[in-house]
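**Student:** Protein chains in written order, with this note's numbering: chain A, 692 to 879; chain B, 692 to 879; chain C, 692 to 879; chain D, 692 to 879; chain E, 692 to 879; chain F, 692 to 879; chain G, 692 to 879; chain H, 692 to 879; chain I, 692 to 879; chain J, 692 to 879. Note that the Cβ used here is the ideal one computed from N, Cα and C, for glycine as well. Because the structure is a prediction, the values reported are computed rather than measured. I have a structure here, written as structure tokens, and I will follow up with some questions on it.
Protein chains: 10
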Amino acid sequence: MGIIGSTIKPFTATAFQEGKDFFDVSDSDVKGDWAVFFFYPADFTFVCPTELEDLAEQYETLKGMGVEVYGVSTDTHFSHKAWHDTSDKISKIKFPMLGDQLHTLSNNFGVLREEMGLADRATFVVDPDGVIQIMEITCEGVGRNAKELVRKIKAAQYVRNNPGQVCPAKWEEGSETLAPSLDLVGKI
Amino acid sequence: MGIIGSTIKPFTATAFQEGKDFFDVSDSDVKGDWAVFFFYPADFTFVCPTELEDLAEQYETLKGMGVEVYGVSTDTHFSHKAWHDTSDKISKIKFPMLGDQLHTLSNNFGVLREEMGLADRATFVVDPDGVIQIMEITCEGVGRNAKELVRKIKAAQYVRNNPGQVCPAKWEEGSETLAPSLDLVGKI
Amino acid sequence: MGIIGSTIKPFTATAFQEGKDFFDVSDSDVKGDWAVFFFYPADFTFVCPTELEDLAEQYETLKGMGVEVYGVSTDTHFSHKAWHDTSDKISKIKFPMLGDQLHTLSNNFGVLREEMGLADRATFVVDPDGVIQIMEITCEGVGRNAKELVRKIKAAQYVRNNPGQVCPAKWEEGSETLAPSLDLVGKI
Amino acid sequence: MGIIGSTIKPFTATAFQEGKDFFDVSDSDVKGDWAVFFFYPADFTFVCPTELEDLAEQYETLKGMGVEVYGVSTDTHFSHKAWHDTSDKISKIKFPMLGDQLHTLSNNFGVLREEMGLADRATFVVDPDGVIQIMEITCEGVGRNAKELVRKIKAAQYVRNNPGQVCPAKWEEGSETLAPSLDLVGKI
Amino acid sequence: MGIIGSTIKPFTATAFQEGKDFFDVSDSDVKGDWAVFFFYPADFTFVCPTELEDLAEQYETLKGMGVEVYGVSTDTHFSHKAWHDTSDKISKIKFPMLGDQLHTLSNNFGVLREEMGLADRATFVVDPDGVIQIMEITCEGVGRNAKELVRKIKAAQYVRNNPGQVCPAKWEEGSETLAPSLDLVGKI
Amino acid sequence: MGIIGSTIKPFTATAFQEGKDFFDVSDSDVKGDWAVFFFYPADFTFVCPTELEDLAEQYETLKGMGVEVYGVSTDTHFSHKAWHDTSDKISKIKFPMLGDQLHTLSNNFGVLREEMGLADRATFVVDPDGVIQIMEITCEGVGRNAKELVRKIKAAQYVRNNPGQVCPAKWEEGSETLAPSLDLVGKI
Amino acid sequence: MGIIGSTIKPFTATAFQEGKDFFDVSDSDVKGDWAVFFFYPADFTFVCPTELEDLAEQYETLKGMGVEVYGVSTDTHFSHKAWHDTSDKISKIKFPMLGDQLHTLSNNFGVLREEMGLADRATFVVDPDGVIQIMEITCEGVGRNAKELVRKIKAAQYVRNNPGQVCPAKWEEGSETLAPSLDLVGKI
Amino acid sequence: MGIIGSTIKPFTATAFQEGKDFFDVSDSDVKGDWAVFFFYPADFTFVCPTELEDLAEQYETLKGMGVEVYGVSTDTHFSHKAWHDTSDKISKIKFPMLGDQLHTLSNNFGVLREEMGLADRATFVVDPDGVIQIMEITCEGVGRNAKELVRKIKAAQYVRNNPGQVCPAKWEEGSETLAPSLDLVGKI
Amino acid sequence: MGIIGSTIKPFTATAFQEGKDFFDVSDSDVKGDWAVFFFYPADFTFVCPTELEDLAEQYETLKGMGVEVYGVSTDTHFSHKAWHDTSDKISKIKFPMLGDQLHTLSNNFGVLREEMGLADRATFVVDPDGVIQIMEITCEGVGRNAKELVRKIKAAQYVRNNPGQVCPAKWEEGSETLAPSLDLVGKI
Amino acid sequence: MGIIGSTIKPFTATAFQEGKDFFDVSDSDVKGDWAVFFFYPADFTFVCPTELEDLAEQYETLKGMGVEVYGVSTDTHFSHKAWHDTSDKISKIKFPMLGDQLHTLSNNFGVLREEMGLADRATFVVDPDGVIQIMEITCEGVGRNAKELVRKIKAAQYVRNNPGQVCPAKWEEGSETLAPSLDLVGKI
């Protein structure tokens with residue numbers, strides 16, 4: 692029932708990505724690497740391009756960390772391409788953009804605004820086993836922050852790679868971590 | 692069905708707050724002001740106190756913004772008091788801590804780890820109408836960041852107070868905002 | 692159960708129309724005049740613009756006959772505007788284009804291709820009482836013919852305005868009609 | 692759920708055809724060639740004979756294209772023969788006329804006017820796999836146009852025989868077609 | 692559950708009757724007089740016309756007894772008229788012929804051959820209260836006998852008009868009847 | 692659902708027949724020969740004995756045609772014997788009389804007057820396959836006619852023995868029959 | 692659920708009684724006086740007449756005690772009369788005999804042998820309130836004893852008329868009775 | 692559904708019998724011999740001991756006939772023993788007394804007074820096949836008669852041992868019996 | 692769902708109490724005073740009398756504390772009286788003994804051993820509001836201790852009469868109690 | 692349905708025990724030895740520590756009798772450790788304390804106060820087969836008595852080890868026991 696710790700559900704969607712022919716992406720393609728699903732309401736609108744541009748600027752860093760990024764809205768892949776062709780900000784995007792006109796992904800992740808047919812402004816971080824580890828949603832009009840996203844993914848990767856260690860509040864790469872034990876109970 | 696935009700469900704919980712006798716808090720007490728529900732797994736454990744301390748340090752700022760904060764775990768108010776009495780970090784907390792041994796709040800917000808009887812590491816921002824506007828969950832071992840939380844609440848308050856304006860990605864108080872219009876469609 | 696003779700179901704959709712701000716259209720706006728609902732699969736694709744252009748060329752005639760035209764796909768009104776801004780053929784369209792990203796209209800008229808989230812290439816003629824009188828669907832890759840549509844609407848209007856008269860096969864405006872009677876039974 | 696793209700349902704009906712004894716036709720007889728099911732309300736009535744005559748005049752052309760035609764009403768095969776024996780127009784018909792007094796075909800294709808026990812004025816084009824590709828219905832009193840039907844069947848046959856090609860609006864045999872590709876997205 | 696003694700169910704059907712325009716007949720039109728419903732399989736077939744002619748010859752007698760006759764098949768009223776126009780035997784019929792292409796009457800009286808869409812060769816005598824008093828069905832190929840029908844209707848009318856009297860086997864008008872009483876028990 | 696053409700349902704009943712000990716009759720005993728089930732309301736009553744006597748007089752003829760006759764009421768076989776012992780008319784009966792105090796036969800043939808526990812005045816002719824071919828019911832007080840019954844059974848036997856032949860209205864043994872064919876359609 | 696102490700269920704049955712015309716008896720006719728319902732399997736059979744004769748001999752006594760007697764079998768009232776007319780033993784019966792061919796009474800009292808359509812050999816004594824006070828059933832072939840029945844009815848009447856008194860085993864009219872009290876507990 | 696002719700249902704109960712340790716009795720112990728189940732309301736009460744004493748006096752006779760007797764109430768076997776130890780009348784009982792505090796037997800035989808938790812004053816005679824052949828119930832305050840019970844069991848044993856013979860009303864051992872036959876129908 | 696804190700369910704039972712006639716006790720009689728329901732398996736058995744005697748010795752003390760005592764088994768009140776009359780230990784009992792042969796009380800309190808029809812060895816203390824405050828059950832063969840019961844009832848009465856006070860472990864009348872407060876949290 | 696005699700249900704819980712790392716306890720760990728489950732409402736509260744201390748003082752005795760003890764509340768094992776670290780009374784406890792924040796044990800034993808999320812003050816004694824033999828619950832504010840608990844466990848162990856013996860009321864180790872037999876019925 693909880694979102695964190697659940698495995699992503701099956702889906703297939705057609706993707707637009709700069710420099711490639713349209714191609715299909717499914718849940719099995721996603722597994723094996725870390726992934727970010729970055730939902731936004733609609734092509735050709737307002738806050739979305741600033742968030743997508745902010746994320747585009749972190750894409751190289753994320754790729755270096757082994758993280759793929761998927762932009763998702765309920766528009767088609769045709770529409771994604773047309774937007775990419777005509778918008779300065781969007782043309783900077785190098786990651787795949789998935790057409791979710793079937794609402795499968797938006798429903799799978801529980802972020803479809805059902806009365807509008809549009810997705811929430813929602814981010815999900817999925818580990819190489821296809822398990823959701825981090826999520827965030829902001830209301831209409833409130834932009835996300837790609838750097839904070841990078842910080843949290845680094846912490847999640849650190850915890851996965853260092854069993855027995857946990858990252859305290861506002862942890863940054865290189866800072867100290869904690870090793871829980873019976874003796875620490877009630878002592879922090 | 693979506694979380695963002697939904698109204699908080701009815702609840703009553705007993706609170707411990709420094710300097711007061713135990714008292715009850717219900718959903719109707721929450722409405723009228725902005726509120727943060729800050730869930731964590733268990734008293735006397737490890738990441739939780741660093742996050743609670745981090746949040747405690749922003750409490751004055753948040754109160755200044757008209758935001759109340761509620762710490763929540765599935766421990767009792769007796770346990771919260773005992774922890775507050777004996778932990779250096781926790782003793783800094785001035786905000787109320789709710790006893791959720793009935794699991795009502797954890798279930799209401801969908802963050803109960805059912806096989807463990809403990810809550811996720813989850814944050815919810817609720818506006819004065821009792822509507823959830825922002826949420827975030829991180830997996831076990833990944834600490835949150837109270838400053839980023841403050842940034843997002845400021846943006847949400849700005850949007851609520853300035854109809855027709857939206858805040859772009861990583862917006863900070865005082866930065867520029869956007870005013871959506873037909874002419875902007877496809878132009879950002 | 693039959694489509695012909697049934698009344699259109701309730702809907703609300705946001706429309707883009709050249710020279711206007713976005714506006715909502717509902718089933719009650721449609722009633723009172725003759726209307727054509729002209730479904731097509733997706734903005735920015737291939738057969739659709741030729742059909743929409745063909746229909747755009749008959750729009751003045753149809754308006755003269757008291758018929759409003761609605762283009763419909765499962766794209767948003769944002770996408771419709773962006774397409775209108777950037778395509779030569781589409782920029783000729785003067786009639787409203789409805790955003791059906793909620794799939795309400797496509798489902799109401801039974802023309803949603805459920806496995807794709809796109810509408811069929813389907814035309815419906817609705818009389819001033821909101822009753823469907825004529826329909827046509829062609830498979831993917833087969834373009835419709837706006838002049839034949841005009842012919843059929845003229846016949847339907849003639850029959851509505853001349854009770855007791857019917858229009859024979861391939862009837863054109865001004866040709867002879869028939870007046871059914873007992874004596875004609877078995878005599879044609 | 693959609694009609695276009697669905698396979699015809701099982702049926703058996705007794706046919707009258709000039710120069711033959713009565714014989715049975717079933718869905719398996721239909722498959723293997725293109726077919727037109729041409730529904731009309733009732734033998735011995737008014738618009739029907741003009742439409743049937745119009746279609747009879749295209750029958751040789753359609754046979755040349757590999758298309759069989761089935762006239763269908765809820766009358767019996769006895770009644771079809773009696774009408775053929777006594778009507779000038781109907782006596783021109785060379786294609787089989789199916790007796791649908793059981794309402795099986797009218798229900799299968801969704802065109803039974805349930806309160807009357809009569810079929811709509813409906814046309815269905817079925818490909819050699821038994822899949823419906825084109826359909827059309829007009830209200831009572833509005834005659835169809837056999838030539839437009841021939842045009843659409845030709846386009847459907849062209850698309851089936853030339854994968855990767857599509858026929859634009861009002862396409863006629865010999866005219867140009869389109870080949871969809873990524874580069875054409877948003878360019879027509 | 693029993694047929695005899697049950698009241699006829701609601702129906703409306705369109706009738707053809709020589710010398711009149713088409714008109715509707717319903718169950719309420721039937722009540723008030725004695726009526727015969729004379730079902731047969733199909734217009735333009737074989738045994739049916741001999742039975743209809745046999746009945747047509749008794750029609751004057753039956754009208755004299757206050758009995759209306761309704762011929763019924765699953766053909767339309769259009770077909771009935773066409774048959775009447777073209778058959779010597781059928782042209783003798785003066786009583787109304789009901790079009791039951793909706794199968795309402797055939798189902799109401801339980802005589803629809805469901806796998807064929809045709810009615811049984813069945814006769815029902817209905818009294819002025821709409822109650823079925825006499826019925827008869829013969830298999831395909833066995834013709835009925837209108838004189839025997841007249842004999843039975845006379846007996847039924849006698850019984851209705853002479854309470855306390857019953858008609859013995861093969862009773863003919865004017866023969867002796869019986870008056871049941873306690874003393875007759877076991878004495879006949 | 693239709694009675695004509697249906698196979699008789701399973702039953703077992705105890706029979707009284709002059710000159711024999713009581714014996715059981717079941718549906719399997721009936722098959723193999725033609726049979727008449729002759730229902731009547733009650734032993735020791737009024738119309739029944741005249742009908743039973745009328746039928747008794749045709750019993751030799753019917754036996755000569757290979758037809759067995761079963762009298763049936765809801766009385767017991769004890770009662771049938773007692774009536775046969777004490778009534779002049781009934782003592783003429785040579786055919787078996789079935790005791791239907793269980794109401795099985797009356798229910799099987801749909802002729803139980805449920806509010807009275809008595810059978811209708813109903814006749815059923817069953818062919819050697821156990822299939823009902825002819826039926827007749829008259830209301831209380833109207834006697835049947837055994838000679839007309841013989842006429843109809845002869846016709847049914849003729850049709851069964853002469854495939855492709857049918858007997859017209861009021862056909863008597865030796866009269867002409869009809870052979871249906873395409874050419875006869877609409878010609879009688 | 693228990694039989695003793697339950698009220699008789701509604702019924703209406705037609706009765707034969709010597710010297711009267713047939714008449715109806717219902718549950719409301721029964722109430723107000725004591726009554727015996729004396730069921731037996733069938734008219735014209737073997738043990739039944741000896742039991743009915745035995746009861747007939749006690750009828751005057753029972754009438755003197757204010758008790759009506761009803762003979763009941765699943766035969767009709769016609770059959771009861773015919774039996775009374777022709778049997779020496781049965782002709783002695785002065786009490787009413789009810790026709791239960793509908794099986795209502797046999798079912799109401801739970802004594803229908805369902806596989807035979809005949810009643811058990813069962814006796815029920817009903818008090819003036821319609822409540823069953825005594826019952827007895829014997830298997831096929833075992834005759835009852837009317838004198839023992841009279842003894843039990845006398846005891847039941849005594850108990851009803853003398854509250855606080857009970858009749859010990861094999862009590863006869865005039866013998867001692869008992870008055871239960873606390874002191875008698877465990878003392879008899 | 693009928694009681695007479697039904698087989699006793701499974702049960703196990705603990706029995707007290709003079710001179711033995713407590714022991715269990717089940718339905719399978721009962722079969723093989725004739726048995727009487729003699730229900731009574733309660734130990735230590737009033738009519739019951741007179742009936743039990745009356746039956747105790749017939750126990751030797753019944754044993755001689757091969758009949759076992761079981762006294763049954765909803766008291767425990769402890770209570771039965773205590774009563775036997777302290778009551779003059781009850782101490783005469785030699786047959787087993789079953790403890791039915793579970794209400795199994797009272798429910799099995801349908802004689803539980805549900806609002807009181809006590810059994811009716813009911814007697815059942817069961818043959819060696821476990822089939823109930825005779826039953827009797829009297830209301831509160833009316834004692835049974837053990838001699839009449841012996842008479843009926845003798846008749847039932849006679850009928851079982853002499854197939855084709857039946858015992859008339861008030862038959863006593865040694866009296867005449869009847870042999871039913873066709874010739875006797877209606878002759879007694 | 693919990694037993695402690697629930698209100699006793701409705702019941703009516705007949706009681707035996709030394710020196711009184713039998714009388715009924717219901718749940719409404721119980722309310723208003725403290726009560727003990729003391730269940731035991733069966734009259735005339737083994738551990739039960741020692742426990743009942745032990746309780747009988749505390750009865751005066753309990754009455755002095757305002758507590759009524761009810762002995763309960765699934766025996767009848769007749770059996771209770773008989774036991775009281777004949778047993779030395781039981782004859783000491785002055786409190787009422789309820790007959791629960793209907794199993795109502797045993798079921799209400801959840802202590803019926805369903806496979807035996809006997810109650811557990813269970814004690815329930817009910818306060819004047821009819822609410823269960825204390826309960827205890829021991830297995831077969833383990834006797835209870837009436838003095839410990841008195842101790843616990845005294846504590847429960849103290850708590851009821853002194854709001855804000857609680858009785859620590861093994862508290863005896865007159866010992867110290869505790870007054871819970873925020874300051875005591877975690878301090879005991 | 693009854694608690695006594697039922698087997699404990701499956702569970703797994705994390706335990707804190709002095710001198711050990713946290714470890715899991717399940718139902719299968721419990722079986723094989725006698726066990727006490729000692730429920731109490733909450734860590735850091737008032738009556739609980741006095742009861743836990745009282746039990747801690749009997750722990751050595753109980754261990755000597757082969758009895759393990761489990762303290763249980765709906766707090767976590769983290770909270771149990773923190774309480775043990777900081778309370779004088781609780782630090783005396785040597786037995787394991789189970790964390791039941793999932794409410795599994797409280798529900799399994801039927802002692803969850805559902806409206807509070809806390810357990811009753813309840814004790815259960817479980818034998819080596821996992822079967823509950825003794826139970827006790829007191830209301831809020833009434834402390835239990837560990838010595839009486841020891842007495843009852845000794846009796847239960849005696850009964851288990853000495854088949855055929857039972858312990859009377861307030862039995863102490865070494866006192867006399869009883870051996871039930873037929874002769875003792877009604878004699879104690």
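Below 6 Å CB to CB, which residues in the same chain sit around D715(C) once its five sequence neighbours on both sides are set aside?
**Tutor:** Around D715(C): T703, T705.
**Student:** Are the beta-carbon atoms belonging to Q708(J) and K785(J) less than 9 Å from one another?
**Tutor:** For Q708(J) and K785(J), yes; Cβs fall inside 9 Å.
**Student:** Using CA coordinates, which residue listed in T741(I), E827(I), R851(I), F728(I) is at the minimum distance from L789(I)?
**Tutor:** The candidate whose alpha carbon is nearest that of L789(I) is F728(I).
**Student:** Would you call D846(D) buried or exposed, if buried means 16 or more other Cβ atoms sit within 10 Å of its Cβ?
**Tutor:** Here residue 846(D) is Ala; the residue named in the question, Asp, does not match the sequence. Answer is buried; the Cβ neighbour count reaches 16.
**Student:** Give the interface partners of G855(H) over in chain M, defined as CB-CB distance under 8 Å, in chain order.
**Tutor:** The structure shown contains no chain M; the protein chains it does contain are A, B, C, D, E, F, G, H, I and J.
**Student:** What are the uninterrupted segments assigned as beta strand (DSSP E) that are 3 or more residues long and contained completely in the region 722-778 of chain G, given in chain order?
**Tutor:** Within the region 722-778 of chain G, the complete beta strand (DSSP E) runs of at least 3 residues are 725-730, 758-764.
**Student:** Pull up the distance between the alpha-carbon of L844(I) and that of I844(B), whole angstroms please.
**Tutor:** Strictly speaking, residue 844(I) in this sequence is Ile, with Leu absent from that position. So the two alpha carbons sit approximately 57 Å from each other.
**Student:** V841(J) lies in the alpha helix (DSSP H); which residues open and close that run?
**Tutor:** Note, V841(J): alpha helix (DSSP H), 837-852.
**Student:** Going by beta carbon distance, what residues of the same chain come within less than 8 Å of H794(J), once the five residues before and after it are set aside?
**Tutor:** T765, L803, G808, listed in sequence order.
**Student:** Could you check which residue in D734(J), G821(J), S770(J) has the C-alpha nearest to that of S717(J)?
**Tutor:** Considering only alpha carbons, the answer is G821(J).
**Student:** For the 8 Å Cβ check, are there 3 or more pairs between the region 848-860 of chain I and the region 832-839 of chain J?
**Tutor:** As far as the Cβ criterion goes, the region 848-860 of chain I touches the region 832-839 of chain J, which means the pair count is three or higher.
**Student:** Exposed or buried, which one is T767(F) when buried takes at least 16 other CB atoms within 10 Å?
**Tutor:** When all chains shown are included, T767(F) counts as buried.
**Student:** Out of curiosity, what's the CA-to-CA distance linking W725(I) and N852(I)?
**Tutor:** Whole-angstrom Cα-Cα distance: 13 Å.
**Student:** Hey, F737(I) and P854(J) are a contact pair by Cβ (cut 8 Å); roughly how many whole angstroms apart?
**Tutor:** About 14 Å separates the two Cβ atoms, so there is no contact after all.
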